[in-house]
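Heads up: the structure comes next, in C-alpha cells.
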Amino acid sequence: TMQTFWDVEEVQTRAIQRLARFIKDESVLPCLLMFTESITSAMKNHIDSLKLQVDGCSLLLEILSQALEQDVVVALDENVASSLLVTVRTHSENEELLSLVCTLLMMISASEVAAENLRKVGAIPDLLSILRNFLHNEQICHSCCGVLWSLAVSEDGVDEVLLKSAVPVISAALQEHLQNGTVTESACSALWALSLQGCLTEDEYEPTTALLLGALRMGPERPLLVKNACLALASLLRLSEIAALRFITDSKGSGINLIQDAYHLHFDDPEVVENICVLMNEMVQYEDVVLDMLSLKMEELLSEIKIRFSSS
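Take 3 as the starting number for the sequence shown in the working numbering and just add one per residue.
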C-alpha cells in the first residue's frame, strides 16, 4: 500500500500508524526493518506534513531502539540519511521534531557506514546550526554532540574547516549544560575527537582545558564522563604546554586533585583507570606538572595502580 499510494498522504500516515502497532512484538522486528526505507520515503514525499514527520521519526526510533536491544545491525543507506536531512532543513524551527531527528541521527551514526553517509550528504553544517539555535535543549545538545563525535572520529574525508567551526559551538553546549551528565559526556567525547583531528586553535587550548576540568568537577562519579574528559585532556596536554599549565593552575583547583578524586571513585573500573593513566602519561611530559604531582603524592596513587593492575 505504501508504494502503490506513495503520493497520498493519508494512506502513508495510516500505514505508519499501523506499523507502529506491531512495535511491541519483538518477533516482528525483521519485517519492520524492511520498512525503514518506505517510512523515510513517505516522509520525503510528504515533507510539509509535520504529523507524518513526527510519526515517521518516532516509528524509526522505536525500530532502531529495538534493533539495538537485540544486537541487530541496521545498515541505513544514503537515501535515508538524505531524507532525514531534508526533514531537518524543512522544519528547522520545530524543536520537538528536531529533537526526535537528532536522537535518530545519533543512533544511526554509531554505524561507520551510516556516519560516512551522513558526512557525504553534508550533515555537519545542519547539526551545528541546530546546536546554535537550540542550545537550551538538553536532548538536542546530547544528540548533536554524539553525531559530531561519530563524524569527527573517523579520519576519511573530514572537512577540517567545518570541524574547526564546531569547537566553539560544542564548547558553548558543554558550558550551558555542565550540570547535565549525559550532555557533558557526549560534549567531552566530541571535543576529544576534534582535538585528535587537530581542529582546536592555540587560543582554544586554555579555555577548553578549563571547561573539561569543569565537567570533571561536576560529575566525577560518572565513569563515562571521567573516561571522555580524561581522553580529551590528554589530547590537549599532548598538543600544548599552555593546556598543561592551566591544568595545574586552574582557579577552581588543580586537575591533579580531580584525577586523584576520580581514581578513588573508580579504582575498581579498569577502563576508567586506563584513561586516567593515558592522561597521566601526558602530564609527566612537563616539569612543572611533575613537581606538582610529587608535592601532591601522586607516586602513591601510581604505585597502587601498579599493584592493583599488575597483570594488565
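Cβ atoms here follow ideal geometry from the backbone N, Cα and C, with glycine treated the same way. Quantities reported herein were computed from a predicted structural model and do not represent experimental measurements.
Residue 36: first and last residue of the uninterrupted alpha helix (DSSP H) it sits in: Here residue 36 refers to the residue found at position 34 when the sequence shown is read from its first residue. The continuous stretches of alpha helix (DSSP H) do not include residue 36, and DSSP gives it neither H nor E.
What whole-angstrom Cβ distance do residue 146 and residue 164 have, given they're in contact under 8 Å? Within the sequence shown, numbered from 1, the residue matching residue 146 stands at position 144. Within the sequence shown, numbered from 1, the residue matching residue 164 stands at position 162. No, residue 146 and residue 164 are not in contact; Cβ-Cβ is about 14 Å, not under 8 Å.
How long is the line joining the alpha carbons of residue 224 and residue 13, rounded to whole angstroms? Within the sequence shown, numbered from 1, the residue matching residue 224 stands at position 222. Within the sequence shown, numbered from 1, the residue matching residue 13 stands at position 11. Cα to Cα, residue 224 sits roughly 47 Å from residue 13.
Sub-8 Å separation of residue 191 and residue 230 beta-carbons: By one-based count along the sequence shown, residue 191 stands at place 189. By one-based count along the sequence shown, residue 230 stands at place 228. In terms of Cβ geometry, residue 191 and residue 230 form a close pair [threshold 8 Å].
Taking buried to mean at least 16 other C-beta atoms within 10 Å of its own C-beta, is residue 46 buried or exposed? Numbered from 1 along the sequence shown, position 44 holds the residue referred to as residue 46. Counting C-beta atoms within 10 angstroms of its own C-beta, residue 46 has 16 or more neighbours from the protein chains shown and is therefore classed as buried.
Three-state class that DSSP yields for residue 85 in the structure shown: Your numbering for residue 85 matches position 83 in the sequence shown. In this structure, residue 85 counts as helix in the three-state DSSP scheme.
Pairwise C-alpha distance: residue 179 and residue 63: In the sequence shown, counting from the first residue as 1, residue 63 sits at position 61. In the sequence shown, counting from the first residue as 1, residue 179 sits at position 177. Spanning the two alpha carbons is a distance of roughly 24 Å.
Less than 8 Å separating the beta-carbons of residue 242 and residue 207? As a first step, residue 242 is located in the sequence shown; it is residue number 240 there, counting from the start. As a first step, residue 207 is located in the sequence shown; it is residue number 205 there, counting from the start. Yes, these two residues count as a Cβ contact at 8 Å.
Residue closest to residue 248, alpha-carbon to alpha-carbon, out of 215, 266, 220, 234: For this step, residue 248 is matched to residue 246 along the sequence shown. For the residues 215, 266, 220, 234, the minimum Cα distance to residue 248 belongs to 215.
N- and C-terminal bounds of the alpha helix (DSSP H) containing residue 222: Translated into positions along the sequence shown, residue 222 becomes position 220. First-last for residue 222: undefined, no H or E at that position.
Euclidean distance between Cα positions of residue 97 and residue 137: As a position in the sequence shown, residue 97 is number 95, starting the count at 1. As a position in the sequence shown, residue 137 is number 135, starting the count at 1. For the pair residue 97 and residue 137, the Cα-to-Cα distance works out to about 11 Å.
Quick check: does the Cβ of residue 207 come within less than 7 Å of any heavy atom belonging to the ligand FAD? The ligand FAD is not among the ligands present in this structure, which contains no ligands whatsoever.
Should residue 106 and residue 143 be called a contact, given that it needs their Cβ atoms to be closer than 8 Å? Walking along the sequence shown from the start, residue 106 turns up at place 104. Walking along the sequence shown from the start, residue 143 turns up at place 141. For residue 106 and residue 143, no; Cβs fall outside 8 Å.
Can you tell me the Cα-Cα spacing of residue 253 and residue 21, whole angstroms? Along the sequence shown, one-based indexing puts residue 253 at 251. Along the sequence shown, one-based indexing puts residue 21 at 19. Roughly 56 Å between the two C-alpha positions.
Identify, in the order they occur along the chain, each residue of the same chain with its Cβ nearer than 7 Å to the Cβ of residue 88, setting aside the five sequence neighbours on each side. Counted from its first residue, the sequence shown places residue 88 at position 86. Around residue 88: 46, 49.
Taking the alpha-carbon positions, what's the residue 265 to residue 276 distance? As a first step, residue 265 must be located in the sequence shown, where it is residue number 263. As a first step, residue 276 must be located in the sequence shown, where it is residue number 274. Going by the C-alpha atoms only, they are around 10 Å apart.
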